[in-house]
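Reading through the structure tokens given below for one structure.
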Amino acid sequence: MTNTGNAHHAVRALQAPLRTTYARDPNQAALVDNAWTAGGDSLDPMSGRVHFGSHATASIEYGVHRAIGGTHAAPVPGDLLCAALARDCLEASRTCFTGGVYVNLLTEEEGSDRIEATYGRPNLTRMAALKRKFDPDNLFRHTKPMGASQ
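Residues -4 to 145 in my numbering are what the sequence shown lists, from first letter to last.
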């Protein structure tokens, strides 16, 4: 079974009790999230913070887009939404469409197992040797990750 298949089964297993609960009482599926804003101060009325959760355990600074008079010195709500959508799209694409690992979807956070699955151990070993030989100063360090063998 592929990693994607294993993940799919793991998710289904985690969701099984929820499906049972929601089938018995659909109202249990309702979600309530909380967020509140703290506006800017008198020196900077075009920015502030969004606090998440009823106890404000996390917050993100926000600004106002320059198209409506803001300085755009901090992320605007549209920036935050686009970043979240892009990250979620990447995660969905990685697991749903590749069926494995695709080199163009690798990120710096990838574990060595996914990097090895992408290239294969013999190719990864060969690539690491070539990288050490032709790029000893690691000039091309911003290329796709090669894990610990880099």
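Beta carbons are placed, not taken as given, at the ideal position from N, Cα and C, and that holds for glycine.
With 16 or more neighbouring CB atoms inside 10 Å of its own CB, Gly58 falls in the buried class. Val27 sits in coil when the DSSP states are folded into three classes, being neither helix nor strand. Take Ser42, set aside five residues on each side of it, and the residues of its chain with a beta-carbon closer than 8 Å to its own are Gly35, Glu56, Tyr57, Gly58, Val59, Gly65, Thr66, Ala68, Ala69, in chain order.
With a cutoff of 8 Å on beta-carbon distance, Ala62 and Val45 are scored as not near each other. The Cβ-Cβ distance between Ala11 and Tyr17 does not fall below 8 Å.
Its Cα nearest to that of Ala2, the residue Glu86 stands out among Glu86, Ala53, Thr15.
In the DSSP assignment, Arg44 falls within the unbroken beta strand (DSSP E) covering 42 to 47.
The three-state reading of DSSP puts Ala53 in strand, counting E and B together. Taking C-beta atoms as the reference points, Ile110 and Leu101 count as a pair closer than 8 Å.
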